[in-house]
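Note that the sequence shown covers residues 1 to 256 in the UniProt record's numbering.
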Amino acid sequence: LKGRNGIKVVAVASTLHYTFPMRTDMAPFDNNHVRMALKLSIDRQDVLDKILGGYGSLGNDHPISPANRYHNPDLEQRVYDPDKAKWHLKQAGLDSLNVELSASEGLYNGALDSAVLFSEHAKQSGIGLTAKRTPDDGYWSDVWLKHPWCASYWSGRPTEDWMFTQGYSSTSNWNETYWKNDQFNQLLVAARGETDEGKRRQMYYDMQSICRDDCGSVIHVFANHLQAQTDKVGVPDKIAGNWELDGFKILERWWM
């Protein structure tokens, strides 16, 4: 399509992200050193290049995208570090670790391949990661929220409060890691009523940091929304990244 006259392929930075949520109420994922070891055992750039063809950005183990208003650009990017992962395993009293990661080809394009790629990366950390293929049918009812560790994804949400509340609040039915952190939950409630812009921004920055270092989700990549545009269609200067097709507002915002 890139080579056709009058057609432009556009990659829109989005809130869509892929995750590997661990149930923090189940061993061995109830130990944060184990969670940290796994977060350090995935080569995010390799996944981005091989699974997404480079169309996306690196995840940093929290769900707030660069497309979000209060994204924290100052958090150090977590990178593939097998030696540091081994250190965390030792802190957990382990010399090695064997875990199973459930994934389905029907979950999203590249879900199972991502799990297999992760298993190759994890070998360098002394982690035996088995990518378990599960049936496409019934994944959301039989695997998600039930298996100790599985693949998942989120389209993201337009606001930080919405994303954190639905996916990470201790009272949410969609808290896929069963994570409970008192400091995080207190900040989440306080930020809703904070009228000082600087203080509110810092609260969301702090929540991203807490989530990154304590939550049970490996959030390794954000995916771009790819779309082909003809020059016969008028396009606004800014295209929304919260959902496909300009936030599903294409019929309202684009013109002939």
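Every residue gets a Cβ at the ideal spot worked out from N, C-alpha and C, and that includes glycine.
* Under the three-state DSSP convention, the category L107 falls into -> As a first step, residue 107 must be located in the sequence shown, where it is residue number 107. In the structure shown, L107 sits in coil (DSSP, three-state: anything other than H, G, I, E or B).
* Asked: Hey, which unbroken runs of the alpha helix (DSSP H) at 4 residues or more fall wholly within the segment 4–57?
  -> 32–39 and 44–51
* **Exposure of I42, with buried meaning 16 or more beta-carbon neighbours within 10 Å** => In the sequence shown, residue 42 corresponds to position 42, counting from 1. By the neighbour-count rule (16 or more Cβ atoms within 10 Å), I42 is buried.
* Asked: How about the segment 130–144 and the segment 106–121: do they share at least three Cβ pairs that are nearer than 8 Å?
  -> yes
* For the segment 78–165, list the beta strand (DSSP E) runs that are entirely contained and at least 3 residues long, ordered along the chain. => 97–103, 127–133 and 152–154
* Asked: Of the choices T19, N32, S172 and H121, whose alpha-carbon is the least far from that of L58?
  -> For the purposes of this step, residue 58 is taken as the residue at position 58 of the sequence shown. Of T19, N32, S172 and H121, the residue nearest in Cα terms is T19.
* Asked: Between the C-alpha atoms of E194 and T24, what's the straight-line distance to the nearest angstrom?
  -> Here residue 194 refers to the residue found at position 194 of the sequence shown. Here residue 24 refers to the residue found at position 24 of the sequence shown. Rounded to whole angstroms, E194 to T24 spans 30 Å at the Cα level.
* What separation, rounded to the nearest whole angstrom, lies between the Cα atoms of T165 and E176? -> Against the sequence shown, residue 165 aligns to sequence position 165. Against the sequence shown, residue 176 aligns to sequence position 176. So the two alpha carbons sit approximately 12 Å from each other.
* **As assigned by DSSP and simplified to three states, the class of residue 303** => Absent from the structure is residue 303, since the part of the chain shown begins at 1 and ends at 256.
* Quick one: residues in its chain with C-beta nearer than 6 Å to the C-beta of S217, no 5 flanking neighbours on either side, listed in chain order? => Counting from one through the sequence shown, the residue named residue 217 turns up at place 217. Contacts found: T19, P21 and T177.
* Inspect the beta-carbon positions of K238 and M256 and report whether they are closer than 8 Å. => Along the sequence shown, read from residue 1 onward, the residue named residue 238 stands at position 238. Along the sequence shown, read from residue 1 onward, the residue named residue 256 stands at position 256. Contact: no.
* For I64, three-class secondary structure by DSSP -> On the sequence shown, position 64 is the one that residue 64 refers to. I64: coil per DSSP, three-state reduction.
* Are the beta-carbon atoms of L89 and A37 separated by less than 8 Å? -> Sequence index remark: in the sequence shown, residue 89 carries index 89 (1-based). Sequence index remark: in the sequence shown, residue 37 carries index 37 (1-based). Yes.
* Asked: For S217, which of helix, strand or coil comes out of DSSP?
  -> On the sequence shown, residue 217 is found 217 positions in, with the first residue counted as 1. S217 falls in the strand class under three-state DSSP.
* Out of curiosity, what's the CA-to-CA distance linking W174 and Q208? -> For the purposes of this step, residue 174 is identified with residue 174 of the sequence shown, where counting begins at 1. For the purposes of this step, residue 208 is identified with residue 208 of the sequence shown, where counting begins at 1. C-alpha separation (whole angstroms): 18 Å.
* Asked: Is it true that the segment 113–126 meets the segment 60–75, where meeting means three or more beta-carbon pairs spaced less than 8 Å apart?
  -> no
* **Integer-rounded CB distance, given that D206 should sit under 8 Å from N181** => Position 181 of the sequence shown holds residue 181. Position 206 of the sequence shown holds residue 206. So it is not a contact: roughly 11 Å between Cβ atoms.
* Evaluate the contact criterion for the segment 47–57 versus the segment 219–228: three or more CB pairs, one atom per stretch, below 8 Å. => yes
* Asked: Whose CA, out of Q227, G126, I64 and G54, lies closest to the CA of P73?
  -> On the sequence shown, residue 73 is found 73 positions in, with the first residue counted as 1. Nearest option by C-alpha distance: I64.
* Own chain residues within Cβ distance below 6 Å of N185, not counting five before or after -> Along the sequence shown, read from residue 1 onward, the residue named residue 185 stands at position 185. Here the set comprises S170.
* Cα separation between residue 259 and W154? -> Outside the displayed span of the chain (1 to 256) sits residue 259, for which this structure offers no information.
* Let me know if I7 comes out buried or exposed under the rule of 16 or more other beta-carbons within 10 Å of its beta-carbon. => Along the sequence shown, read from residue 1 onward, the residue named residue 7 stands at position 7. Looking at its Cβ environment, which holds fewer than 16 other Cβ atoms inside 10 Å, I7 is exposed.
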